[in-house]
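Read the structure below first, then the notes.
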Amino acid sequence: MNQTGHCMPRYNPAEIEPKWQAYWDQNETFKTPDLPVGEKLYVLDMFPYPSGDGLHVGHPEGYTATDIVCRFERMRGKSVLHPMGFDAFGLPAEEHAIKTNTPPRISTEKNVTTFRRQLKMLGFSYDWHREISTTDVDYFRWTQWIFLVLYDSWFDAEQQRGRPMDELPIPADVQDAGEQVVREYKDEYRLAYLANALVNWCPALGTVLANEEVRDGLSDRGDHPVHRIPLRQWMLRITAYADRLENDLASLDWADGIKKLQRDWIGRSTGAEVDFFVGPQDAFSAWQSKRCESGYPRNPSDDVLRIYTTRPDTLYGATYMVIAPEHPFVERLTTPEHRKAVREYCDRAAAKSDRDRTENAKDKTGVFTGAFAINPANGSPVPIYIADYVLISYGTGAIMAVPAHDTRDFEFAKKYDIPIVAVVDPGDSFDGERQAVIAGEECFSGEGTAIQSGEYTGLSTSEFKVKIAATLQTDGQGREAVNYKLRDWLFSRQRFWGEPFPILHELDESGEPTGVIRPVAVEDLPVNLPEIKDYKPHDRPEPPLGKAPDEWLYPVIDGVRYRREINTMPQWAGSCWYFLRFIDPKNDQCFVSPEKEKAWMPIDLYVGGAEHAVLHLLYARFWHKVLYDRGHVTTQEPFQRLVNQGMILGDVEFTARRTADGTWTNDALQDGIEVVPISVNDVIKRGETFALKEDDSIKVESRAHKMSKSRGNVVNPDDIVREYGADSLRIYEMFMGPLEATKPWSMTGVNGVRGFLDRAWRMIVDHSAETIVIHEAVNDDSLTAEQLKILHRTIQSVTTDTAGMRFNTAVARMMEFVNFFTKSKCRPREAMEKFVLLLSPYAPHLAEELWQILGHAETLAYEPWPEFDESLTRDDSIEIAVQVNGKLRAKITVPADADRAVLEDIARNDEKLVEILSQMNVVKVVVVPGRLVNFVVRP
RNA sequence: GGCCGAGUGGCGGAAUUGGCAGACGCACAGGAUUUAAAAUCCUGUGUCCAUUACGGGCGUGCGGGUUCAAAUCCCGCCUCGGCUACCA
């Protein structure tokens, strides 16, 4: 039996785990057929970014969960697709490339090798034939192809679907204006389009930074100043799909929390757009009548400031207006005497990131432009301010400010002494000071009844909204509008290590861009990354691909010279469709064969961390819907069921506070007081909290922290596998608690699970023998009635718990099985074999080994999952509780199927109950068969 | 500030529909085995009172409520964690 020939009586994962991994590899045990045979199951893990640090213990948590489901369902006869790959584009590899001046592909491949080794070491049953990496040229060829689909699509708002560009209706006046106007018109509709977007440009580092790399207007690395500058960027029109992305959530089997996160992120709001006239006051009525005739224009003219509001009912209370510092009207509206102050204010705002602006939200700042607009409701002039609490990227970048009914406007108005006019009466039921609100001394942002609102006075908020929207519409001064917090997706990065855009910019004879864009022909894909000499940033806000050799950068097609797009796609791109490629990873004719796509999609179970709850899932859903609309996939949603695994924290740490001279203290943290780690042995529990053993007046803090390099509490799976084995790691991660919960790591816990596997081994293998032989207690006897009951109960629990992904309790039931049979001198082979099959999804290496020891030549991966007989799991007699007034007073043993009358009778005749009941009057008897009998009594 | 989640022994956690709180594991203690230790096996282990045995009181973050019965349902708080952050 022992292939290496030497004696191995003890459970030795270091030997059997590599053995079975090699077996699965050589026998292609988990190779999945191109098309499912029978019922299909597509189970997907969120593929990892292969960082230089290798796997951490958080990865195997979700991966083990899906692996258990896959192994379990294979045994239940399903055709399972379970692939793995790598999301390998990304910043760390590029940073490494800059530092060492080596191509990022080299470090990426090295990291992928490490990840693959670690994943194989854990015994996951992936079909490795399907491995893909987003950085594979054969892969990103199709990422580029999908980009071209996006570029060639527009969103038909009426039909609510994406359609090819050649189906876009071109208005006659546009058609007549010539080719260039038609081209520009088309570009306005494409799902992929170019626009000026603000980026964080850091001149000192010579690079553009992500929002999270900027703090207080300085770069995270090096503290250099960062400016927000507009740059021509690729955008994806995800907002067009906002309503579908929101509505289709209803059909998905996801946790409500995650759905809500997505809904909030999309952030749909309804309200109105209103144009405020900004010309001279005596021209106002002329403008009004003009608007009555022309109607509300699609794009605002120069003589108006267009705003978006969700509360058009508060129009009469708009006492000032605010535009964002980046608003295109800033320059034009500012009067000469305010120019200097405005310029200074806008420069300061430009130096701040969105995040910094919002972090100091309490203190509103702003500057007066000197200009006024006319409130269309009452014709009175209102001052126009510039303030960074208004964001250029939301709505129209301008607001009407109603300080009486918006807390932000209220703060601002207080600070700058702007009139506050209440126009909503909160009513009697209002908790706060109703009179203070009406007097404009307190802000109220709820709904109520209109006051001081001309003809609308007396209307409820909702009636008012409907009426004024209609009026604005007829007067051509506004219209109903919908807005989203979701922005169009900024889809380009000034980076080297990403997918190149398959886009060419036409150049004129002097080498300047003509504005004409030419997509790379599908047959010319892929556009590979060029070799470049160095990866260091320039001092211009230009991507590293600007340094590419001319042969790459300046292709000539049909005598026309082009410059390639030198931005690259963001890391999200590759993960937007990888699940489709897994279905058909080698196809060089199309991104996925329609037949295979139809057979395998949608994904039946998708497991990953909650950190991707919003962006990745939203982006992938968006791409999928475009592909669906264009007829390339057959499902509207890619991820039918989603489960988020919880975070694994480091081992619990105890800390106490100490002063500089070394005395313990409970004082708050301040200069001279430090937090020091305490050993578990020096800690006692005192009441609700922990305290120091040597001085129990000193509080000890007990908490598990996120694993991080800086804290030094990171657990490396390599170490765990070396010391305890992969099967122990797998089971421990499942046994810690529910999959979705956040839970702290514990080394002694792993050791405990290893003890269980040791016992399982010794239950079947004679560990005192010289060679591997089956334990003498294992025989061909038939099971006793009790053994049969335990076996079937175990099968039942493990089956339902595994199917319900309650892995922690499934493991507990298997532990009980082992505890029971280890005590038994007679362990029928039938029971042992069924147990091994139950264990196999959880501890596949050990199970395979035991299966072989029990005399089987083939892998157990496709053995039928054990069946249970429910009638065998039941007891003939059970013990139930007898309560008096809800308190447990006795326990009685009764036939399992005893009815109410019988139960009450037995309970009444119980020795103890006779005694109690003799002194009491029974008012009521509650009998729950199989549970309890409760006597309600009075003296 | 907003949203979401969670509070059960020394610790991780279990507990169908409201129906015997603490499954399983860790840790700890005692015992067996051993020259000894490790390993293994057995026993005990919420807490307080009582201990002659049977026992009894309390107990699922806190305070109320509904109910024959509440970890579970309702109302009001507290604490911790995660996400998010001026979205007009």
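Throughout the first sequence, residue numbering follows the numbering used here, covering 3 to 941 in sequence. Each residue gets a CB set at the ideal place from its N, CA and C atoms; glycine is no exception. Remember, it's a predicted structure, so these values are computed and weren't measured experimentally.
With a CB to CB cut of under 6 Å and the five nearest residues on each side skipped, what residues in its chain are close to residue i?
| i | result |
| --- | --- |
| Gly-7 | The predicted position of Gly-7 is uncertain, since its pLDDT is 38 and thus under 50; a value taken from the coordinates is nonetheless stated next. Closer than 6 Å at Cβ, skipping near neighbours: no residue. |
| Val-392 | Val-324, Ala-326 and Ile-401 |
| Ser-109 | Ala-95 and His-98 |
| Thr-136 | Asp-89, Ala-90, Phe-91 and Gly-576 |
| Tyr-621 | Trp-574 and Cys-578 |
Do residue j and residue i count as a contact pair if the criterion is CB distance below 9 Å?
| i | j | result |
| --- | --- | --- |
| Met-571 | Arg-495 | yes |
| Asn-485 | Arg-270 | yes |
| Val-332 | Val-306 | no |
| Glu-639 | Asp-47 | no |
| Glu-501 | Thr-145 | yes |
| Thr-272 | Glu-482 | yes |
| Gly-548 | Leu-555 | yes |
| Gly-456 | Asn-380 | yes |
| Pro-314 | Ile-440 | no |
| Leu-220 | Gln-642 | no |
| Met-123 | Ala-728 | yes |
| Thr-824 | Arg-756 | no |
So the candidates are the options; which of them puts its Cα closest to the Cα of residue i?
| i | options | result |
| --- | --- | --- |
| Lys-417 | Gly-368, Gln-885, Tyr-396 and Gly-397 | Gly-368 |
| Ile-675 | Arg-660, Arg-756 and Tyr-51 | Arg-660 |
| Leu-582 | Thr-463, Leu-83, Val-938 and His-61 | Leu-83 |
| Lys-588 | Val-884, Asp-490, His-131 and Val-562 | His-131 |
| Leu-238 | Val-201, Ser-253 and Ala-194 | Ala-194 |
| Tyr-396 | Arg-313, Gln-798, Arg-489 and Lys-701 | Arg-489 |
| Arg-293 | Thr-209, Gln-475, Gly-714 and Phe-414 | Gln-475 |
| Val-453 | Phe-412, Arg-481, His-407 and Thr-312 | The displayed chain sequence assigns Ile, not Val, to residue 453. Among Phe-412, Arg-481, His-407 and Thr-312, the Cα nearest to that of Ile-453 belongs to His-407. |
| Lys-535 | Pro-551, Asp-178, Phe-88 and Glu-525 | Pro-551 |
| Met-807 | Gly-757, Gly-652, Asn-646 and Phe-823 | Asn-646 |
| Val-558 | His-507, Asn-569 and Val-685 | His-507 |
| Ala-900 | Asp-871, Glu-913, Glu-869 and Val-935 | Val-935 |
| Thr-804 | Glu-832, Leu-839 and Glu-835 | Leu-839 |
| Lys-745 | Asn-301, Gly-480, Lys-708 and Ala-779 | Lys-708 |
Start and end of the alpha helix (DSSP H) containing residue i?
| i | result |
| --- | --- |
| Ala-99 | 93-102 |
| Phe-624 | 617-631 |
| Gln-182 | 181-189 |
| Cys-204 | It is not in any alpha helix (DSSP H) - Cys-204 instead sits in the beta strand (DSSP E) that spans 194-204. |
| Gln-454 | It is not in any alpha helix (DSSP H) - Gln-454 carries neither H nor E in the DSSP assignment. |
| Ser-382 | No alpha helix (DSSP H) holds Ser-382; DSSP gives it neither H nor E. |
| Thr-476 | 463-477 |
| Val-838 | 831-841 |
| Glu-161 | A small correction: the amino acid at residue 161 is Gln; Glu does not occupy that position in the sequence shown. Unbroken run through Gln-161: none, as it is neither H nor E. |
| Val-943 | Nothing can be reported for residue 943, as the shown portion of the chain is limited to 3 through 941. |
| Phe-432 | Premise fails: Phe-432 is in no alpha helix (DSSP H) and is neither H nor E. |
From what residue to what residue does the beta strand (DSSP E) around residue i run?
| i | result |
| --- | --- |
| Tyr-322 | 322-325 |
| Phe-370 | 369-376 |
| Ile-401 | 400-403 |
| Asp-277 | 270-279 |
Kindly give me the distance between the Cβ atoms of residue i and residue j, rounded to whole angstroms, as I take these residues to be in contact under 8 Å.
| i | j | result |
| --- | --- | --- |
| Ile-918 | Ile-908 | At roughly 15 Å, the Cβ-Cβ gap does not stay under 8 Å, so Ile-918 and Ile-908 are not in contact. |
| Asp-783 | His-777 | With 8 Å as the limit, Asp-783 and His-777 do not qualify as a contact, their Cβ atoms being about 14 Å apart. |
| Tyr-387 | Phe-370 | 6 Å |
| Tyr-322 | Ile-420 | 5 Å |
| Gly-751 | Tyr-726 | That belief does not hold up - the Cβ atoms of Gly-751 and Tyr-726 are roughly 11 Å apart, past 8 Å. |
| Asn-810 | Phe-737 | 5 Å |
| Pro-504 | Phe-149 | 6 Å |
| Ile-686 | Thr-657 | Going by Cβ atoms, the distance from Ile-686 to Thr-657 rounds to 15 Å, so no, they are not a contact pair. |
| His-229 | Leu-207 | The Cβ separation is near 12 Å, so there is no contact. |
Tell me which residues share the same chain as residue i and place their Cβ nearer than 7 Å to its Cβ, disregarding the 5 neighbours each side in the sequence.
| i | result |
| --- | --- |
| Gln-177 | Val-184 |
| Tyr-187 | Ile-172 and Val-176 |
| Pro-50 | His-61, Phe-88, Asp-89 and Phe-117 |
| Cys-9 | A caution first: Cys-9 carries a pLDDT of 45, below 50, which makes its placement in the model unreliable, though a value can still be read off. Within the same chain, Cys-9 has close Cβ partners Glu-772 and Thr-773. |
Skipping 5 residues on each side, what residues in its chain have a beta carbon closer than 8 Å to that of residue i?
| i | result |
| --- | --- |
| Leu-915 | Val-884, Val-886, Arg-891, Ala-892, Ala-909 and Phe-937 |
| Asp-590 | Asp-140 |
Following a CB-centred definition, is residue i positioned closer than 8 Å to any heavy atom of the ligand ZN?
| i | result |
| --- | --- |
| Asp-673 | Ligands are entirely absent from the displayed structure, and the ligand ZN is therefore not among its contents. |
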